[in-house]
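Read through the structure below, which is laid out as structure tokens, and then see the notes.
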Amino acid sequence: MIQTLSGTLAAKRDQSIVIEVGGVGFKVAVAKNTFAKLPALGESVKLFTYLHVREDILALFGFLTEKELALFEQLNTISGIGPKSAIGIMGIASADQIVAAINAGKTELLTRVSGVGKKTAERVILELKGKLLLPDAGASIAEMEGDADLEDALVALGYTKPQARAAIAKIDTKTEGLSARLKEALRAIKK
């Protein structure tokens, strides 16, 4: 129904933002890594959106790319995974890394999300393994596991897990090597 929203970023809240379009503010729930990549308040932003309709609520979920939106929609088809769990999964890693983890049968990444236990993670893998045909879905498991090592290193340096995840989300995907990624994450935290 609402495929995209383009407008001015009017507010940033904990897990949501407000995009002003033609004098109307739309509240949009976003994943943690999407939140970290958003521009400053007052700047223009475009999000691909999913409108969740229930008897008592209309909720918009926003993504920076169509690939992220497609993965979110696929996660939503799984029994036991609603939009809140799906947005939580989208917030722990890039779409490519999530697809790589599912295709490799790695439950560890999915179980890092609050409300997603081992059985639910196994159900996601069972239903989506080999069915996720996202462009550039060849992200390596080594890269994903490297992010877990990077998160552990940042936590060991005294940062919280949410701070570490937000910093990791800001790292350029072309940056290779743990030490280079750690330096970039530390720069992102200090901004």
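Position 43 of the sequence shown, counting from 1, maps to 42 under numbering that gives the first Met the number 0, and the rest follow consecutively.
Where a beta carbon is used, it is the ideal one built from N, C-alpha and C, also for glycine.
Source: prediction; values computed, not measured.
Cβ neighbour criterion (16 or more within 10 Å) applied to E67: buried
- request: Have a look at the DSSP bridge pairing and note the partners of G6.
  value: V44
task: Evaluate D13 with the Cβ neighbour count: other Cβ atoms within 10 Å of its Cβ, from every protein chain shown; 16 or more gives buried, anything less gives exposed.
output: exposed
task: For the segment 99-118 and the segment 82-91, state whether three or more C-beta atom pairs, one from each stretch, are separated by less than 8 Å.
output: yes
message: Below 8 Å, how does it come out for the segment 35-53 and the segment 65-84: are there three or more Cβ pairs, yes or no?
response: yes
Exposure of A155, with buried meaning 16 or more beta-carbon neighbours within 10 Å: exposed
- prompt: For A184, which residues from the same chain have a beta carbon less than 7 Å from its beta carbon, with the 5 sequence-adjacent residues on both sides left out?
  reply: L149, L153, A166, I167, I170
- request: Note down the Cα distance separating T3 from L46, rounded to an integer number of angstroms.
  value: 6 Å
query: What is the DSSP secondary structure of A199, counted as helix, strand or coil?
result: With the chain represented from 0 up to 190, any question about residue 199 goes unanswered, as that position is not in the structure.
task: Pull up the distance between the alpha-carbon of K39 and that of G79, whole angstroms please.
output: Note on residue identity: the sequence assigns Ala, not Lys, to residue 39. Cα to Cα, the separation comes out at about 35 Å.
message: Less than 8 Å between C-beta atoms, sequence neighbours within five positions excluded: which residues of the same chain meet that for T172?
response: S93
- prompt: Do you know how far the Cα of M0 is from the Cα of G157?
  reply: 44 Å
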